[in-house]
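Asker:
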DNA sequence: CGCAAGTATTCTGCATACAGAATTTTGTTT
DNA sequence: AAACAAAATTCTGTATGCAGAATACTTGCG
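Chains as they are written, first to last, in the working numbering: chain C, 1 to 229; chain R, 1 to 229.
Set out below in structure tokens:
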């Protein structure tokens, strides 16, 4: 193939920056985080370093290091002599987090209307359209993932890295409960209606409207998920 | 003494909850975090596990685990083969963080006016009065610490744990730069004037006013510290 | 002298061993 | 049978060893 035969020029290498080496630490963090979010490691589960290490094919040392990272993210808790336990979020934890998430998304909405390019807004619209497809087909898991990706995309449009990173941490904590708690036709419809409004406000670069919708969306999310805690 | 001679009753033990054992992990995290915040480990410093472990009197394994925690907090960065480096924040990082912090403190101000007890508000007033003492005496480091403690105290009055924890992470990142960048009589006076207004708004439980002041305070902080980056 | 290549040394990432703590199992008493 | 104590086993937290990667130093060449 042409791309294989063409010699790489040094400029091409430079323009892509240094080659990023995947680290075992990052891989373990991501895997265990996914296992928590997807419910494979349920809230309250005590993590057994030996078994989990065997399951992941790694020794205890890098696993322990990765678990400490996830403790800092708030997904795990440590007790001396008992190791790491998947954190159980109380109703208050969830409510507190949604309040803060709403506040952060509100800010992101304002900043996004200010900073987003037209092409970036189009991408969000595309995500939204695909999500609506999944809604029509009643394919819930892809719908949910697209839903979360739209939120993340709007955060990226804020062009504020601190905001994105803080939002990611809180969002990760709530993924599981939001997937479980948003089930049901009325709740689904409610969330979808909010999303329609969001994308319209973003396209109109109506900062106040988008901010208000995003913030209120989180408050409504509380009403939708509270039964599942 | 009477307190030593009086036998502990089982109810007294129970009512205080389980005895919290200090862990080495937490101690290392706190120490290294302090060393970063206080400038002993300067931005850009590559941490040498062997030397740092000797300095702290711990072996490499718990030190590595603690460093992973601090990486997750954003105070350190990892590169494969180079270990942990104290993160250098760009002007954009600082600005981004202050924007988010301002928003969070604005939210905290509103919640604090709603949730704080009179006695808690009095405590903030006392912190403020002690800070003003330090200002009169031109004793800058205690002044600064009290200043930061007032912010943290207001966050606690929000009674929102997620908000407190997110705020703590961002605040820690900015402590050093704020200490360095806020030096000078005009800047100091500007910050103090904001604080006077904050405490008055809190005492008056004027949520909108406190929220606005806290948010604006961060924007002014940007103007004060930007030269130091 | 400056630069590149080769060599030596140090450091990081991970595996494994060990001691003490926690948990489970077994035995004894009521 | 239930409760308690003792013994056995397992697990966590940490120390240490090892291999490969990164860095520092030395040597040789133009």
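Ideal Cβ placement from N, Cα and C applies to all residues, glycine included.
Assuming residue 101 of chain C contacts residue 198 of chain C (C-beta within less than 8 Å), just tell me the rounded distance between them.
Answerer: Against the first chain, residue 101 of chain C aligns to sequence position 101. Against the first chain, residue 198 of chain C aligns to sequence position 198. Actually they are not in contact, since the Cβ atoms of residue 101 of chain C and residue 198 of chain C sit about 14 Å apart, beyond 8 Å.
Asker: Along the chain, where does the beta strand (DSSP E) containing residue 84 of chain C start, and where does it finish?
Answerer: Taking the first residue of the first chain as 1, we reach residue 84 of chain C at position 84. That run of the beta strand (DSSP E) goes 83-86.
Asker: Are the CB atoms of residue 49 of chain R and residue 70 of chain R nearer to each other than 8 Å?
Answerer: What you label residue 49 of chain R is simply residue 49 of the second chain in a count that begins at 1. What you label residue 70 of chain R is simply residue 70 of the second chain in a count that begins at 1. Result no, Cβ atoms of residue 49 of chain R and residue 70 of chain R do not sit closer than 8 Å.
Asker: When you compare each of C:204, C:59, C:177, C:228 to residue 125 of chain C by their alpha carbons, which one comes out closest?
Answerer: Sequence index remark: in the first chain, residue 125 of chain C carries index 125 (1-based). Selected option, being the one with the closest Cα: C:204.
Asker: Listed from N- to C-terminal order along the chain, which residues in the segment 62-81 of chain C have their beta-carbon within a distance smaller than 8 Å of any beta-carbon of chain R?
Answerer: Those residues of the segment 62-81 of chain C that come within reach of chain R (Cβ to Cβ, closer than 8 Å) are 64, 65, 66, 68, 69, 70, 71, 72, 73, 74, 78, 80.
Asker: Is there a C-beta anywhere in chain R that falls below 8 Å from the one on residue 114 of chain C?
Answerer: Along the first chain, one-based indexing puts residue 114 of chain C at 114. It does not: the Cβ of residue 114 of chain C has no partner Cβ on chain R nearer than 8 Å.
Asker: State the CB to CB distance for the pair residue 89 of chain R and residue 173 of chain R, rounded to an integer number of angstroms; the pair is presumed to be in contact (CB under 8 Å).
Answerer: Within the second chain, numbered from 1, the residue matching residue 89 of chain R stands at position 89. Within the second chain, numbered from 1, the residue matching residue 173 of chain R stands at position 173. Confirmed, about 7 Å.
Asker: In chain order, which alpha helix (DSSP H) runs of at least 4 residues are fully inside the segment 138-201 of chain C?
Answerer: Taking only runs of at least 4 residues, the alpha helix (DSSP H) segments lying wholly in the segment 138-201 of chain C are 140-157, 161-181.
Asker: Could you work out which residues of chain C lie near residue 96 of chain R, taking near to mean beta carbons separated by less than 7 Å?
Answerer: Counting from one through the second chain, the residue named residue 96 of chain R turns up at place 96. Residues of chain C passing the Cβ test: 160, 161, 162, 163.
Asker: How about the segment 24-40 of chain R and the segment 176-184 of chain R: do they share at least three Cβ pairs that are nearer than 8 Å?
Answerer: The answer is yes - the segment 176-184 of chain R touches the segment 24-40 of chain R, with three or more Cβ pairs under 8 Å.
Asker: Could you tell me the alpha carbon to alpha carbon distance between residue 226 of chain R and residue 175 of chain R, rounded to whole angstroms?
Answerer: Here residue 226 of chain R refers to the residue found at position 226 when the second chain is read from its first residue. Here residue 175 of chain R refers to the residue found at position 175 when the second chain is read from its first residue. Distance between the alpha carbons of residue 226 of chain R and residue 175 of chain R is about 14 Å.
Asker: Tell me the rounded alpha-carbon separation between residue 7 of chain R and residue 142 of chain R.
Answerer: Translated into positions along the second chain, residue 7 of chain R becomes position 7. Translated into positions along the second chain, residue 142 of chain R becomes position 142. Note that residue 7 of chain R has pLDDT 37, beneath the 50 cutoff, so the model's placement of it is unreliable and the number below is only indicative. Each residue's alpha carbon lies about 40 Å from the other.
Asker: Report the rounded CA-to-CA distance for residue 1 of chain C versus residue 84 of chain R, giving the unit in angstroms.
Answerer: Here residue 1 of chain C refers to the residue found at position 1 when the first chain is read from its first residue. Here residue 84 of chain R refers to the residue found at position 84 when the second chain is read from its first residue. Because the pLDDT of residue 1 of chain C is 28, which lies under 50, any placement of that residue in the model is unreliable, and the number read from its coordinates should be weighed accordingly. Rounded to the nearest angstrom, the two C-alpha atoms are 41 Å apart.
Asker: Does the ligand SAH have even one heavy atom less than 7 Å from the beta-carbon of residue 79 of chain C?
Answerer: Among the components modelled here there is no ligand, and therefore nothing to report on the ligand SAH.
Asker: What are the boundary residues of the alpha helix (DSSP H) that includes residue 40 of chain C?
Answerer: Counting from one through the first chain, the residue named residue 40 of chain C turns up at place 40. That residue, residue 40 of chain C, is in no alpha helix (DSSP H); it is neither H nor E in DSSP.
Asker: In the DSSP assignment, what residue or residues form a beta bridge with residue 76 of chain R?
Answerer: Here residue 76 of chain R is taken as the residue at index 76 of the second chain, counted from 1. Per DSSP, R:86.
Asker: Please tell me whether residue 228 of chain C has its Cβ less than 8 Å away from any Cβ of chain R.
Answerer: Residue 228 of chain C sits at position 228 when you count from the first residue of the first chain. Chain R contact via Cβ: absent.
Asker: According to DSSP, simplified to helix, strand and coil, what is residue 21 of chain C?
Answerer: Residue 21 of chain C sits at position 21 when you count from the first residue of the first chain. Here residue 21 of chain C sits in coil by DSSP.
Asker: Under 8 Å, with one C-beta from each stretch per pair, do the segment 118-134 of chain R and the segment 148-155 of chain R reach the 3-pair mark?
Answerer: Result yes; three or more Cβ-Cβ pairs closer than 8 Å.
Asker: Compute the Euclidean distance between the alpha carbons of residue 60 of chain R and residue 65 of chain C, then round it to the nearest angstrom.
Answerer: In the second chain, residue 60 of chain R corresponds to position 60, counting from 1. In the first chain, residue 65 of chain C corresponds to position 65, counting from 1. About 12 Å.
Asker: Return no unless some Cβ of chain C is closer than 8 Å to the Cβ of residue 99 of chain R.
Answerer: As a first step, residue 99 of chain R is located in the second chain; it is residue number 99 there, counting from the start. True, the Cβ-Cβ gap to chain C drops below 8 Å.
Asker: Quick one: which chain R residues come within Cβ less than 9 Å of residue 85 of chain C?
Answerer: Within the first chain, residue 85 of chain C is the residue found at index 85, counting from 1. The premise fails here: residue 85 of chain C is roughly 14 Å from chain R at the closest Cβ pair, so nothing lies under 9 Å.
Asker: How close, in whole Å, do the beta carbons of residue 201 of chain R and residue 110 of chain R come, if the pair is a contact with beta carbons under 8 Å?
Answerer: Sequence index remark: in the second chain, residue 201 of chain R carries index 201 (1-based). Sequence index remark: in the second chain, residue 110 of chain R carries index 110 (1-based). Their Cβ separation, rounded to whole angstroms, is 11 Å, which puts residue 201 of chain R and residue 110 of chain R out of contact at 8 Å.
Asker: Counting only C-beta atoms, is residue 170 of chain R closer than 8 Å to chain C at any point?
Answerer: For the purposes of this step, residue 170 of chain R is taken as residue 170 along the second chain, with counting starting at 1. Yes, because at least one Cβ of chain C sits closer than 8 Å to the Cβ of residue 170 of chain R.
Asker: Taking the alpha carbon of residue 57 of chain R as the point to measure from, which residue in R:24, R:86, R:229, R:47 has its own alpha carbon closest?
Answerer: Within the second chain, the letter at position 57 stands for residue 57 of chain R. Residue R:24 is the option with its Cα nearest to residue 57 of chain R.
Asker: Give the residues of chain C in contact with residue 21 of chain R, contact being defined as C-beta atoms less than 7 Å apart.
Answerer: Residue numbering aside, residue 21 of chain R sits at position 21 when the second chain is read from its first letter. Within chain C, the residues near residue 21 of chain R are 80.
Asker: Hey, would you say residue 72 of chain R sits closer than 8 Å to residue 72 of chain C, going by beta carbons?
Answerer: As a position in the second chain, residue 72 of chain R is number 72, starting the count at 1. As a position in the first chain, residue 72 of chain C is number 72, starting the count at 1. Yes. Within cutoff.
Asker: Throw me the rounded Cβ distance for the residue 87 of chain C and residue 98 of chain C pair, which I believe falls under 8 Å.
Answerer: For the purposes of this step, residue 87 of chain C is identified with residue 87 of the first chain, where counting begins at 1. For the purposes of this step, residue 98 of chain C is identified with residue 98 of the first chain, where counting begins at 1. Not a contact, Cβ separation roughly 16 Å.
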